[in-house]
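So the sequence lines, in the order shown, correspond to chains Y and L. Just so we're aligned, residue 1 is where the first sequence starts under the working numbering, counting upward by one. Just so we're aligned, residue 126 is where the second sequence starts under the working numbering, counting upward by one. Data block below; observations after.
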Amino acid sequence: MSRYKPPEQSKAGQILDIAVVVVAIFVALWLPLKLGLAGAAKSIDPLDAKTWDALGQNATMASIWEKLGYTPETAHDIIQNRFHYVIDWPTLIIMAAVLIGYFVFLFRASDREYREVINEKFDDK
Amino acid sequence: MTVALDNTTTIHGDRVSLLRVLGPAHVWALGVGIVLVGEFTGWNFAADKGGALAALIVCWLVGLLYTSVAMIDSEVTSTVAAAGGQYAQAKHIVGPLMAFNVALFLVFAYTMLEVSDAILLGDTIVAKAGVEGLTHNSFIAATIVVLAWLNYRGVLMTLNVNFVITAIAYISIVILFFSVSPWTQGAVLKLNELVTPSNALPYGWIGVIAAFQFGIWYYLGIEGTTQAAEEVRSPARSLPYGTMAGMITLLIAAAMTWYVCASMMPWEYLGITYYPLWDAGKLTGSPLLENLLFIATLLAALASANGCINDAARAWFSLGRDRYLPSWFSAVHPRYRTPYRSILFLLPIALAFAFIADLNQAITFSILSGVLQYTFMSINIMMFRKKWPLGSIRRGYTHPFHPLPAIVLFCLCVVTFFAIFLGFGSQLIAMTIFYFLISLWFHFYRYKFVRRGDQFTMPWPKPQGY
Numbered sequence: 001m002s003r004y005k006p007p008e009q010s011k012a013g014q015i016l017d018i019a020v021v022v023v024a025i026f027v028a029l030w031l032p033l034k035l036g037l038a039g040a041a042k043s044i045d046p047l048d049a050k051t052w053d054a055l056g057q058n059a060t061m062a063s064i065w066e067k068l069g070y071t072p073e074t075a076h077d078i079i080q081n082r083f084h085y086v087i088d089w090p091t092l093i094i095m096a097a098v099l100i101g102y103f104v105f106l107f108r109a110s111d112r113e114y115r116e117v118i119n120e121k122f123d124d125k
Numbered sequence: 126m127t128v129a130l131d132n133t134t135t136i137h138g139d140r141v142s143l144l145r146v147l148g149p150a151h152v153w154a155l156g157v158g159i160v161l162v163g164e165f166t167g168w169n170f171a172a173d174k175g176g177a178l179a180a181l182i183v184c185w186l187v188g189l190l191y192t193s194v195a196m197i198d199s200e201v202t203s204t205v206a207a208a209g210g211q212y213a214q215a216k217h218i219v220g221p222l223m224a225f226n227v228a229l230f231l232v233f234a235y236t237m238l239e240v241s242d243a244i245l246l247g248d249t250i251v252a253k254a255g256v257e258g259l260t261h262n263s264f265i266a267a268t269i270v271v272l273a274w275l276n277y278r279g280v281l282m283t284l285n286v287n288f289v290i291t292a293i294a295y296i297s298i299v300i301l302f303f304s305v306s307p308w309t310q311g312a313v314l315k316l317n318e319l320v321t322p323s324n325a326l327p328y329g330w331i332g333v334i335a336a337f338q339f340g341i342w343y344y345l346g347i348e349g350t351t352q353a354a355e356e357v358r359s360p361a362r363s364l365p366y367g368t369m370a371g372m373i374t375l376l377i378a379a380a381m382t383w384y385v386c387a388s389m390m391p392w393e394y395l396g397i398t399y400y401p402l403w404d405a406g407k408l409t410g411s412p413l414l415e416n417l418l419f420i421a422t423l424l425a426a427l428a429s430a431n432g433c434i435n436d437a438a439r440a441w442f443s444l445g446r447d448r449y450l451p452s453w454f455s456a457v458h459p460r461y462r463t464p465y466r467s468i469l470f471l472l473p474i475a476l477a478f479a480f481i482a483d484l485n486q487a488i489t490f491s492i493l494s495g496v497l498q499y500t501f502m503s504i505n506i507m508m509f510r511k512k513w514p515l516g517s518i519r520r521g522y523t524h525p526f527h528p529l530p531a532i533v534l535f536c537l538c539v540v541t542f543f544a545i546f547l548g549f550g551s552q553l554i555a556m557t558i559f560y561f562l563i564s565l566w567f568h569f570y571r572y573k574f575v576r577r578g579d580q581f582t583m584p585w586p587k588p589q590g591y
C-alpha cells in the first residue's frame, strides 16, 4: 500500500482551524449557560411557621445552625430549598439517542480510520 | 517514531522532547493533587442531591468506579507510555477519531476543573477576608496566571510543588479526623443525631442516583496520572504504583471527610456549603484547626489547578504533535522542555470561563467530560485485550478480574449519565452535540492533514482481526 502524503497546510488555514475549535468550545460551554439550560429543578417549599421544629431540625441540628450564624428565618430558604425529581421521558429518550448515536458514530468512523493506519503501518514492513 | 526510555522522545523524526525526570511520588502528587480538592469542596453537593447517606453510598460506589478506572488505566498506560495518556491509548487501540475526542474530553475536564479550583480559591479568600466589596476576580486571575507560569518553567518544579502542598492538605484532613475523637460519638461528632432514619435519604433512592453526579467529584482526575507517561523515568513501574497508591490515599481521605462532615453538620447545610472541611474546622471551636483547614483548602485548590494545567496542556500538545490540530502546538520549550505553546493557549480559555461560569456549573462541565471519557475506557480495555491478548505484548501491569472492572465501570457510567440527566440533561445533550459536530469536522476535513501510519508508534505486532 502506498504511503498517504498529507497536504501541507497554510498558516492561514492553521489559524482558521484553531479559530473553529475555540469558537466551538465557547459555543458548547457558554451557550447553555446563556440560555439558562444548566441547573436542576430546585425550588423552595415555604413554611408558615419558621421554627426549628417546623423545619424538621432537632436540638443538635438547631444548635449547629445557630453556631453557623443562622436563625430559623435565615435557614428556612436553605432547608426548604428542595429538588423535585421528575423524569422527563422525551428528554431522557433524546439524551439516550444522542449519546448512543454519538458513540456508534465515533467507534465506526474511528475503525475506518484505524484500518488505514494499520494497513499503512504494517504493510510497510 | 520511537518512544525511547531515555530522557528524550523523538516524534516523527523531529527533535521533540519532554524530560524524563519524574518518579512514583510525582505521579502520586499529580493524581492526588488534582483530586484532593474534591474533599474540600464538591463532594458535599452529593448530600444536597440525595442526603448525607446518599453521599456516603456514592462515595463507595463511585470509589468502585474509580478503582476500575485506576486498574484499567494502569494496565493500558503502563503499556502505552506516551504523553496524552488516554489519548495515546485511544489512538493505538480504537482509532484517530476516538483519540481526537478523548483528547478533547481531557482538555475540557481538566480546564474546567482548573476553573473550579480557581473560583474556589478566590471565594475562600473572599470569605475569610470578610471585606465589603472584595470580589474573587483578582485572586482567580492571579491563580491561573501564576500556575501557568510555573508549568511553563518546568515539570519537575511543578510537581515538586504539587507534592509538598498536596501532602500538607492531606495531612490536615488526617489531623482534623483525629482531633475530633472519631472513636467516640457525642462529644464532638454527633452522627446519630444528624443522620437519622427520617432524613438519611430525603429523596429516597432516586436521590442516591442523582447524587452520583457530584459523587464523581470525590475522585475526579485520578486518571490524570497517565499524562506524565512520557516524563516518568520508568513508566511500567511508576504509573501503576503512583496511580494505585493515589487511589488508596483518596479512598481513605473520602471516608474520613464524609464521616467528620456528616457528623458535624446538618445535611441541608452540608449540601450547599462551598467549604465543608473548613466549616468542620470552624465547628470544632479550635482557631488552630479552623486556620489549618482554611490554608489546606487553598493549597488543595492550588495543587489541583496546577495538575490540571499540566494535564490539559499535554493532551493539547499531543493533538498538535500528531497534526490532529495545527502542529504549532507541538512545540517544546528549548530550555524548560515543556509544551509551552499549549500551556499559553489554554490560559485565556481558562480565564474566560472562570469569569462567566459559577462553581457548580464549572464542576458539572468537568464531570460531563470525565464521564464520557470513562465510558470510552470501559470499551477501550475490552478492545485492547481482544486485539492484543495476554502474552502477545509485554505489559507493565496486568489488572485482575478482567472483564469485571470494565463491566462495573460501564454500568456505573450509565447510572452517572442518568444522574446528570436529572440535573443537567440539556447541558449533556448540548455537549454531546458539540462533540458530534467537531467529530464530523475532524473526520471529513481535518484528518486529511494527518500522516496515517505514523500514528501507530508502539513496537507491537499487528492487532488481531486486522
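Beta carbons are placed, not taken as given, at the ideal position from N, Cα and C, and that holds for glycine.
- Inter-segment contact for the segment 163-173 of chain L and the segment 327-339 of chain L is present: three or more beta-carbon pairs are separated by less than 8 Å.
- When Cβ-Cβ separations below 9 Å define contact, Y:PRO32 makes contact with chain L.
- No Cβ of chain Y is located within less than 9 Å of the beta carbon of L:LEU231.
- Rounded to whole angstroms, the gap between the alpha carbons of L:GLY167 and L:PRO586 is 44 Å.
- Along the segment 444-467 of chain L, the positions whose C-beta sits under 9 Å from a C-beta of chain Y are ARG448, LEU450, PRO451, SER452, TRP453 and PHE454, read in chain order.
- A straight line joining the alpha-carbon of L:VAL305 with that of L:LEU418 spans about 14 Å.
- In the structure shown, the three-state DSSP call for Y:ARG82 is strand.
- Rounded to the nearest angstrom, the gap between the Cα atoms of L:LEU364 and L:GLN214 is 14 Å.
- Just so you know, the alpha carbons of Y:VAL20 and L:PHE567 end up roughly 11 Å apart.
- The straight-line gap separating the alpha-carbon atoms of L:LEU471 and L:ALA438 is approximately 7 Å.
- A distance below 9 Å separates the beta carbons of L:VAL219 and Y:PHE107.
- In chain order, TRP153, GLY156, VAL157 and ILE347 place their CB closer than 6 Å to the CB of L:GLY371, counting only its own chain and leaving out the 5 sequence neighbours on each side.
- In the DSSP assignment, Y:LYS42 forms a beta bridge with Y:PHE83.
- Contact between L:ASN505 and L:VAL232 does not hold, since the beta-carbon distance rounds to 18 Å and is not under 8 Å.
- L:TYR591 belongs to the set of residues whose beta carbon lies under 9 Å from a beta carbon in chain Y.
- In the three-state reduction of the DSSP assignment, L:LEU147 falls in the strand class, which pools E and B.
- Runs of alpha helix (DSSP H) with 4 or more residues, each lying fully within the segment 4-39 of chain Y, are found at 11-34, listed in chain order.
- Taking 7 Å as the cut-off between beta carbons, the residues of the segment 530-555 of chain L near chain Y are PHE542, PHE546, LEU547, GLY548, PHE549, GLY550, SER551, GLN552, LEU553, ILE554 and ALA555, in sequence order.
- Proximity of chain Y to L:PRO221 at the Cβ level (cut-off 8 Å) is accounted for by SER110, GLU113, TYR114 and VAL117, in chain order.
- Sequence-ordered contacts of the segment 45-59 of chain Y with chain L read LEU55, GLY56, GLN57, ASN58 and ALA59 [C-beta pairs closer than 9 Å].
- Per DSSP, reduced to three states, the secondary structure at L:VAL157 is helical.
- Going by beta carbons, L:ILE250 and Y:ILE78 fall outside the 9 Å limit.
- The Cβ neighbour count for L:VAL299, taken over all protein chains shown within 10 Å, is under 16; the residue is labelled exposed.
- Residue contact with chain L for Y:GLU73: absent (no Cβ-Cβ distance below 9 Å to any residue of chain L).
- Selection L:ILE290, L:PRO360, L:ARG278 and L:TYR384 evaluated against L:ASN317 yields L:TYR384 as nearest (Cα-Cα).
- Taking C-alpha positions only, L:ILE532 is separated from L:THR236 by approximately 28 Å.
- Residue pairing by DSSP puts L:VAL357 in a beta bridge opposite L:LEU147.
- Pairing L:LEU444 with L:TYR277 gives a Cβ-Cβ distance that is not under 9 Å.
- The segment 440-457 of chain L makes contact with the segment 220-230 of chain L; the number of CB pairs closer than 8 Å reaches 3 or more.
- Under the three-state reduction of DSSP output, L:TRP513 falls in the coil class, being neither helix nor strand.
- The C-beta of L:ARG439 comes no closer than 9 Å to any C-beta of chain Y.
- Taking 9 Å as the cut-off, the Cβ atoms of L:GLN580 and L:THR489 do not count as close.
- The alpha-carbon separation between Y:LEU16 and L:VAL270 amounts to approximately 26 Å.
- In the displayed model, L:MET502 falls within a helix according to three-state DSSP.
- Residues of the segment 557-569 of chain L whose Cβ lies closer than 8 Å to any Cβ of chain Y, in chain order: THR557, ILE558, PHE559, TYR560, PHE561, LEU562, ILE563, SER564, TRP566 and HIS568.
- The three-state secondary structure of L:MET381, taken from DSSP, is helix.
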